[in-house]
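Student: Handing you a structure now.
Number of protein chains: 2
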Amino acid sequence: MLAKRKILKVNFRKGKKAEEEDFVAVDKPTNIFVNGNYFVTLMASPRNIRELAIGHLLGQGVINALEDIEHVSIRGKNVNLRTKAEIQLEATKFPKVIPTACGTSEDIIGLLGKSGVLKLAVKFSAENILNAFKSLHSASKVFKKSGGTHAAALFTRDGKLKFCMEDVGRHNAVDKVIGKGLIEGVNFTRSFMISTGRLSADMVIKCARARIPLAASKAAPLESGILAAEMSGLTLVGFVRGSRLNVYTRPRRVKF
Amino acid sequence: MLAKRKILKVNFRKGKKAEEEDFVAVDKPTNIFVNGNYFVTLMASPRNIRELAIGHLLGQGVINALEDIEHVSIRGKNVNLRTKAEIQLEATKFPKVIPTACGTSEDIIGLLGKSGVLKLAVKFSAENILNAFKSLHSASKVFKKSGGTHAAALFTRDGKLKFCMEDVGRHNAVDKVIGKGLIEGVNFTRSFMISTGRLSADMVIKCARARIPLAASKAAPLESGILAAEMSGLTLVGFVRGSRLNVYTRPRRVKF
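If you read the protein sequences in the order shown, they are chains P and L. Going by our numbering, the first residue of the first sequence is number 1, and it counts up by one from there. Going by our numbering, the first residue of the second sequence is number 257, and it counts up by one from there.
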C-alpha cells in the first residue's frame, strides 16, 4: 500500500531545501473477471482485493448475496469469481468503472507514445507556484459554497492566471482547462497546471499529452502519478501548502 | 453548478439543531459522441462541457490538436464532435471512463430496483457518528504516511468499529468494507458506514444495495448522492467535523 520515493522538500519562506525519502500511496490496476469473462479494471490500493471484488459486484447488482458466489481465486492483480447461477454480464447494463489510465508502465508508454518525452528547458519559480494556489482558492466559487468540487487552473510561466475551472471530478477540471487552452490557442509549453486533486497517472498523462511541463497539487501524488511523470519528463509537485512544496520529479524546472 | 437543498444542521456539543437551506455541488452525466458514435459518459459539473469534451479527447489520444476537430455541437448533456480525419475509436484502445452510476433518476431506480427502498426503523446516535470519525482517523495508517488514500469503515449501531479499509479510491474503500461485511456475515441493516470521500450517487447506491441505512462522510455530498439517498430511503450525513454534522435525508434515524 506504500512505496518510498526520493523527493525534494522545499520550505520556501525559510529557505530550506532538502532531499529526502518519503512515502506515497500505491495505486495499481485490479482486474475483475466473472465466470471467465473480463468485467472491470479498478485502479485501487493492492490490498484486500478479494473484498474489493465481492463488494463491487454487490454494488453493481451482479450478485445479491455472498451465497451467489461459488468460488474466488486471486492471481496477482486478477480476481476471478465464479457465480453459482449463470450470469449474463451484458444484461446487468451498468457501465464499467475504468479510470483513464490503467497505471501499468506499458499503458503509460502507450498513452504517451505519440507525444514523446517532454524535453522543455522552461523554468518556473517556486514562489509563482505557491501564489498560484492562493489565486486558485479565491477563484473557486462553487467550492466555497458547496465544498463539493475540485479546481484546476493554468498559469503562465511568470505566474499569471490564464483560467480556472471547477468540476466535481478532478479529472474533469483538468480536461476543461486543457480544452479551454486548446480553444484559445494557449502555449502549453510555457504554462503550468495546478490542481486541488491528487496526481495519479491519468492526471499526469493529461498534462503531458498537452505538453504542459509542470503540474502541481495541494494534495498528495500517487505512485502511478510519479511513474507517469518520470516517464513523460514532467515536473511533478505535490503538497503545495502555505510556503512549502514537494518536488517529486525533474526538480530542475523549479527555481527557488 | 449549484443546487439548494434543505438540510438539518446539528451542532451536537452546543445542542443546536436547525433546519436550513444550503448549497450542494451538482453532478450530471455528460455524454461525448465522436463522429456519431458514443464515446464516453463523464459524471461532471454541467458547465464548460465543450472544454471538457475537447480536453478529454486530447488526453485520451483521440485528437492531437484543436485542428483535428471540424465541428462541435452541444444538445443538452450531449456533446457531439466531428473530426476532420476519420477516427477508428476502437483503435484508440483506451478504456472508457465511466463512473459507477450515471446519476440520472432512471439509472438510480434501475440500480436500486432489486433491493427496493430501505424502510428500516433503526436509529443511530449523533454522538456515535461523531466518535466514529475519530476512530477512522486513528485507523487510517496509510493516509497518515502518504496523504494519498481514502478510508471507509463500518460501525455497529452502538458505535463499535467493525472494520476499516483504505484505498486510493473512495469507491474502492466502500467496496472493500461491503465485501468484508459479506464475507463475515455482518448484519448491514444494524450498521452505519462512514467515509472520507464525497457522497455521490454511486457511493450511496453501494450502501443502499447492501441495505446499510445510514452513510456519513466528513466531506460534502453531491447533488446526485442526495437524490439517490432520497430515492433509496438512506439517511445521508455530510460534513461530519468536530462536533457538528449535516443531515440531508431521512433525519429521523439520527438521535441527538
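Beta carbons: idealized from backbone N, C-alpha and C, even for Gly.
What does L:H312 reach in chain P if we use C-beta pairs closer than 7 Å?
Tutor: Your numbering for residue 312 of chain L matches position 56 in the second sequence. The answer, in chain order, is D175.
Student: Please classify L:I330 as buried or exposed, where buried requires at least 16 other C-beta atoms within 10 Å of its C-beta.
Tutor: Here residue 330 of chain L refers to the residue found at position 74 of the second sequence. When all chains shown are included, L:I330 counts as exposed.
Student: Give the interface partners of L:G421 over in chain P, defined as CB-CB distance under 8 Å, in chain order.
Tutor: For the purposes of this step, residue 421 of chain L is identified with residue 165 of the second sequence, where counting begins at 1. Note on residue identity: the sequence assigns Met, not Gly, to residue 421 of chain L. The contacting residues are N48 and E51.
Student: Of the residues that make up the segment 143 to 164 of chain P, which ones have a beta carbon closer than 7 Å to any beta carbon in chain L?
Tutor: Here the close residues are K145, S146, G147, G148 and T149.
Student: Whole-angstrom Cβ separation of L:V266 and L:R500, contact assumed at under 8 Å?
Tutor: Here residue 266 of chain L is taken as the residue at index 10 of the second sequence, counted from 1. Here residue 500 of chain L is taken as the residue at index 244 of the second sequence, counted from 1. Contact flag correct, Cβ pair sits at about 7 Å.
Student: Scan the segment 20 to 80 of chain P and note each continuous beta strand (DSSP E) run of 3 residues or more that stays entirely inside, going in chain order.
Tutor: 28 to 34, 37 to 44 and 69 to 75
Student: How would you list, in chain order, the residues of chain P whose beta-carbon sits under 8 Å from the beta-carbon of L:G536?
Tutor: Nothing about residue 536 of chain L can be reported from this structure: the residues present for chain L run from 257 to 512 only.
Student: How about P:N172: is its C-beta nearer than 8 Å to some C-beta of chain L?
Tutor: The sequence position of residue 172 of chain P within the first sequence is 172, counting from 1. Output row for P:N172: interface = yes.
Student: I want to verify the contact list: residues of chain L whose CB lies under 9 Å from the CB of P:R209, in sequence order.
Tutor: Taking the first sequence and counting its residues from 1, the one referred to as residue 209 of chain P is at position 209. Simply L314, G315, Q316, G317 and N320.
Student: Does the beta carbon of L:I263 sit closer than 8 Å to a beta carbon anywhere in chain P?
Tutor: Residue 263 of chain L sits at position 7 when you count from the first residue of the second sequence. So, not an interface residue.
Student: Is there a Cβ from chain L that is less than 8 Å from the Cβ of P:G169?
Tutor: Here the question's residue 169 of chain P lines up with position 169 in the first sequence. Yes, contact with chain L.
Student: Taking 8 Å as the limit between beta carbons, can you name the residues of its chain near P:G148, skipping five residues before and five after?
Tutor: Residue mapping note: residue 148 of chain P aligns to position 148 of the first sequence, counting from 1. Within the same chain, P:G148 has close Cβ partners V142 and V168.
Student: Along chain P, in chain order, which residues have C-beta atoms closer than 8 Å to that of L:A476?
Tutor: Indexing the second sequence from 1 puts residue 476 of chain L at position 220. The contacting residues are S146, G147 and G148.
Student: What residue ranges within the segment 114 to 172 of chain P form continuous alpha helix (DSSP H) runs of no fewer than 4 residues, ordered along the chain?
Tutor: 126 to 139 and 141 to 146
Student: For P:F239, which residues of its own chain have a beta-carbon under 6 Å away from its beta-carbon, when the five flanking residues on both sides are left out?
Tutor: For this step, residue 239 of chain P is matched to residue 239 along the first sequence. Closer than 6 Å at Cβ, skipping near neighbours: N246.
Student: Please return the same chain residues whose Cβ sits closer than 8 Å to the Cβ of L:E275, not counting the five positions on each side in sequence.
Tutor: Locating residue 275 of chain L in the second sequence gives position 19, where the first residue counts as 1. Excluding positions up to five away in sequence, the list reads K262, I263, L264 and K265.
Student: Quick one: is L:D414 buried, meaning 16 or more other Cβ sit within 10 Å of its Cβ, or exposed?
Tutor: The count along the second sequence starts at 1 and reaches residue 414 of chain L at position 158. The residue in question, L:D414, is exposed, as its Cβ has fewer than 16 Cβ neighbours within 10 Å.
Student: Relative to chain L, which residues along the segment 34 to 47 of chain P have a C-beta separation below 9 Å, given in chain order?
Tutor: T41, L42, M43, A44, S45 and R47
Student: Whole angstroms is fine: what's the gap from L:I343's alpha carbon to L:L470's?
Tutor: Along the second sequence, one-based indexing puts residue 343 of chain L at 87. Along the second sequence, one-based indexing puts residue 470 of chain L at 214. Taken atom to atom, the span from the alpha-carbon of L:I343 to that of L:L470 is near 47 Å.
Student: Going by DSSP in three states, P:G238 sits in which element: helix, strand or coil?
Tutor: In the first sequence, counting from the first residue as 1, residue 238 of chain P sits at position 238. Note: P:G238 maps to strand in three-state DSSP.
Student: When the cut-off is 8 Å and only beta carbons count, does P:F239 lie next to chain L?
Tutor: For the purposes of this step, residue 239 of chain P is taken as the residue at position 239 of the first sequence. Yes, contact with chain L.
Student: Kindly say whether P:K206, judged by its beta-carbon, lies nearer than 8 Å to any beta-carbon of chain L.
Tutor: Reading the first sequence from its first residue, position 206 is the one you call residue 206 of chain P. Judged by the 8 Å Cβ criterion, P:K206 is in contact with chain L.
Student: Going by DSSP, what residues sit across from L:A471 in a beta bridge?
Tutor: Here residue 471 of chain L refers to the residue found at position 215 of the second sequence. Answer by DSSP bridge pairing, in chain order: L:M449 and L:L492.
Student: Return the chain-ordered list of same chain residues with a C-beta closer than 8 Å to the C-beta of L:F289, the five sequence neighbours on each side being excluded.
Tutor: For the purposes of this step, residue 289 of chain L is taken as the residue at position 33 of the second sequence. Apart from sequence neighbours up to five positions away, the residues of its chain that approach L:F289 with a beta-carbon distance below 8 Å are F295, N334, V335, N336 and L337, ordered along the chain.
Student: So is P:R198 in contact with chain L if we call contact Cβ pairs under 8 Å?
Tutor: On the first sequence, position 198 is the one that residue 198 of chain P refers to. For P:R198, the answer is yes, since a Cβ of chain L falls inside 8 Å of its Cβ.
Student: Could you give the residue range of the beta strand (DSSP E) that holds P:V247?
Tutor: Numbered from its first residue, the first sequence carries residue 247 of chain P at position 247. That run of the beta strand (DSSP E) goes R244 to V247.
Student: Taking only beta-carbon atoms, is L:A281 less than 8 Å away from chain P?
Tutor: Position 25 of the second sequence holds residue 281 of chain L. At least one chain P Cβ lies under 8 Å of L:A281.
Student: Roughly how many angstroms lie between the CA atoms of P:G181 and P:N31, to the nearest whole one?
Tutor: Locating residue 181 of chain P in the first sequence gives position 181, where the first residue counts as 1. Locating residue 31 of chain P in the first sequence gives position 31, where the first residue counts as 1. When rounded, the distance between both Cα atoms is 35 Å.
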